[in-house]
Amino acid sequence: MGSRVVLGLVGCVDYELQLSSTMLEQLVAEHKIRDSELTSSVPVTNERDLIISMLAYIKQDVGGERFVASSDALSTFAARFPKRISLGGTAVRAGLAMSRLGVPSTLHLASINDYIRRLLPPACDYICSAREDTLDPHLIVQYEQDIRVRVGDLNLHAPFPNRLIYVNDPPNEALVLSEELGSLLRDADIFLISGFNSMRDQDLLDERLSTLRRHMRQLPSQALVYYEDAAFHEPAFSGRVRNALLEVIDVYGLNEDEMQAYVGYPVDLLSATEVEQALNSLRTLIPVPTLVVHTKYWSLVLGAGASEYAAAVRSGMVMASVHYCYGDDFTVEQHELISNLPTRPGACAFAAALEERMGAGVRCLPGFTLEVAHPTTVGLGDAFVGGFLAAVRQVERRASWT
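For the sequence shown, counting from 1, position 125 maps to 132 in this note's numbering; every step adds exactly one.
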């Protein structure tokens, strides 16, 4: 088996729920939750902890991903509401996005079940390290713009839509690598690395990183390695993974939440001064050839490949935007429609100011003006990655024909 695009390292089944103000207010009243209890770092061991965590993220106006110690807490909460079952994980959602543009890929998975077999399109081949079927759904909680919670001493308001991810997934936590991975990489032009954020055992993590490096020795020298960051269930492991892989990463991608977590303070995403300062800090922390940062206002590429990857960044933005507006099942016509929308005026001014301040080493593209009543907030970063890599692959394909 060979593939020009290999996407790893894990996938999952998602239970997607949509929160409303009424729903949250009922839960707050039922569990007698107070404002002083809200912290996104609370260990999630039961349904009450889960609701506190959600409210804390809404209060901070950020998205996030958390490990949940009790799978029963996830099941109890999910059973309260209607849910949509979909496939998740950065590699899988990126592959799904690429398939919509006619770009095939091969996934590396650490778990398998009938949902995955049924919902993966023909353009997404896969290898899997699992020896038996398992089902450990990830709980994806979405909330819309201007959601409010007013109960007791709580008075919360989220000006933007977002998503929260709660996980208890033993196969992804173990992240066993298939011995087929090395041979699969021999023919790869592109290799996506994601999924280490689910791991919680340091010795096992180090072993998996060493095994991955062994497999990656079979990659062609010209292959592009893209690493997409994520919210680590054990925050200290983020640097451990980064340090183990820095020398083999060509493009390092992250979103606004991850950027702000690394610099340690909130960043005004429309202030060229503040973003420049944050990017300089990121460049010191993550010394890779090329950094890609994608946010709700703009996306940018920083480093040696700034001009080379600008078109891929735009492709990622179009893909994330069409996913935001239409979900997984968008049409070619809807993709084309999004690509022709006007850009955000404030983001345009910001992008010009940032490029003027930082020079040729950065290309910043303003986001599109999107107005949609019921947006899809889950998988936006994954869709961005899929759009980015599809554009890179299409350029490579055209180059091979000339």
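Ideal Cβ positions, reconstructed from N, Cα and C, are used throughout, including at glycine. No experiment lies behind these values; they were computed from the predicted model shown.
Alpha carbon to alpha carbon, what distance is there between residue j and residue i?
i: PHE84; j: ARG155; result: 20 Å
i: GLY18; j: THR97; result: 7 Å
i: ILE134; j: PRO168; result: 35 Å
i: GLN401; j: GLU54; result: 46 Å
i: VAL20; j: THR52; result: 21 Å
i: GLN149; j: ASP335; result: 15 Å
i: ILE425; j: TYR233; result: Beyond the ends of the chain as shown, which are 8 and 409, falls residue 425; an answer cannot be given.
i: ASP264; j: GLY71; result: 8 Å
i: VAL69; j: ARG170; result: 8 Å
i: LEU307; j: HIS38; result: 43 Å
i: GLU340; j: LEU16; result: 31 Å
i: ASP121; j: LEU199; result: 24 Å
i: SER314; j: THR297; result: 11 Å
i: ASP257; j: ARG364; result: 24 Å
i: SER82; j: CYS355; result: 44 Å
i: ARG73; j: GLY366; result: 38 Å
i: TYR323; j: PHE375; result: Residue identity check: residue 323 is Gly in the sequence provided, not Tyr. Whole-angstrom Cα-Cα distance: 12 Å.
i: PRO128; j: GLY202; result: 21 Å
i: ILE147; j: ARG87; result: 14 Å
i: VAL295; j: GLU403; result: 22 Å
Only counting the same chain, and skipping five residues up and downstream in sequence, which positions put a Cβ closer than 7 Å to that of residue i?
i: ALA36; result: VAL158
i: MET326; result: ALA104, ALA390, PHE391, GLY393 and GLY394
i: THR383; result: HIS330, TYR331 and GLY334
i: ALA359; result: none
i: LEU219; result: LEU184
i: CYS371; result: TRP305, LEU307, ALA358, LEU361 and GLU362
i: LYS293; result: The question names Lys, but residue 293 is Ile in the sequence shown. Result list for ILE293: ARG249 and TYR259, in chain order.
i: LEU261; result: ASP236 and VAL300
i: ALA101; result: LEU14, LEU199, ASP389, VAL392, GLY393 and LEU396
i: ASP176; result: CYS19, ASP143, HIS145 and SER205
i: VAL99; result: GLY18 and LEU114
Give every residue of the same chain whose Cβ lies closer than 8 Å to the Cβ of residue i, excluding the five residues on either side of it in the sequence, and list them in chain order.
i: LEU62; result: LEU31, VAL35, ILE40, LEU45, VAL156, LEU161 and LEU163
i: ARG193; result: GLY9, GLN225, LEU226 and PRO227
i: HIS222; result: LEU184, LEU188, GLY189 and LEU192
i: SER288; result: TYR269 and VAL270
i: SER77; result: VAL51, THR52, ASN53 and ASN175
Helix, strand or coil for residue i per DSSP?
i: THR350; result: strand
i: GLY70; result: coil
i: PRO373; result: strand
i: LEU142; result: coil
i: ARG40; result: A small correction: the amino acid at residue 40 is Ile; Arg does not occupy that position in the sequence shown. Here ILE40 sits in coil by DSSP.
i: VAL13; result: strand
i: ASP132; result: strand
i: ASN33; result: Looking at the sequence itself, residue 33 is Gln, so the reference to Asn does not match. Correct three-state label for GLN33: helix.
i: LEU414; result: Nothing in the structure corresponds to residue 414, since the chain is present only between 8 and 409.
i: TRP408; result: Confidence at TRP408 is low in this model, with a pLDDT of 43, below 50, so its placement is unreliable and the value that follows should be read with caution. In the structure shown, TRP408 sits in a helix (DSSP, three-state: H, G or I).
i: ASN430; result: Residue numbering for the chain in the displayed model covers 8 to 409; residue 430 lies beyond these limits and cannot be assessed.
i: VAL402; result: helix
i: ASN204; result: helix
i: VAL75; result: strand
i: VAL51; result: strand
i: VAL148; result: strand
With a threshold of 6 Å on Cβ separation, who are the neighbours of residue i within its own chain once the five nearest residues in sequence on each side are excluded?
i: LEU216; result: ALA251
i: ALA319; result: PHE395, ALA398 and VAL399
i: PHE42; result: Correcting the residue identity first, residue 42 is Asp in this sequence and not Phe. For ASP42, where only same-chain residues beyond five positions count, the Cβ hits under 6 Å are ASP160 and LEU161.
i: PRO144; result: VAL20 and TYR22
i: ARG11; result: ASP196
Would you give the residue range spanned by the alpha helix (DSSP H) that residue i belongs to?
i: HIS164; result: Taken as a continuous stretch (DSSP letters only), HIS164 belongs to no alpha helix (DSSP H), being part of the beta strand (DSSP E) at 161-165.
i: ASP176; result: Neither: ASP176 is in no alpha helix (DSSP H) and is coded neither H nor E.
i: ASP79; result: 78-85
i: LEU45; result: Note, LEU45: premise wrong, no alpha helix (DSSP H); not H, not E.
i: GLY189; result: 188-192
Just to confirm, does residue i get its C-beta within under 7 Å of one of the non-hydrogen atoms of the ligand NAD?
i: PRO273; result: With respect to the ligand NAD, the structure shown offers nothing to examine, as it has no ligands at all.
Within 8 Å of any Cβ in chain B, is that where the Cβ of residue i sits?
i: ALA380; result: Note that chain B does not occur in the displayed structure, where there is just one protein chain.
Kindly indicate the opening and closing residues of the beta strand (DSSP E) around residue i.
i: LEU26; result: 19-26
i: LEU199; result: 197-200
i: VAL156; result: 154-158
Entirely within the segment 211-257 and at least 4 residues each: give me those alpha helix (DSSP H) ranges in chain order.
-> DSSP runs (the alpha helix (DSSP H)) wholly in the segment 211-257: 244-252.
Taking only runs that begin and end inside the segment 264-348, name each unbroken alpha helix (DSSP H) of 4 or more residues, in chain order.
-> Fully enclosed alpha helix (DSSP H) runs of 4 or longer: 279-292, 317-333 and 339-346.
Let me know the alpha helix (DSSP H) ranges lying completely inside the segment 81-121, each 4 residues or longer, listed in chain order.
-> If one requires a minimum length of 4 residues, the alpha helix (DSSP H) runs lying completely within the segment 81-121 are 97-107, in chain order.
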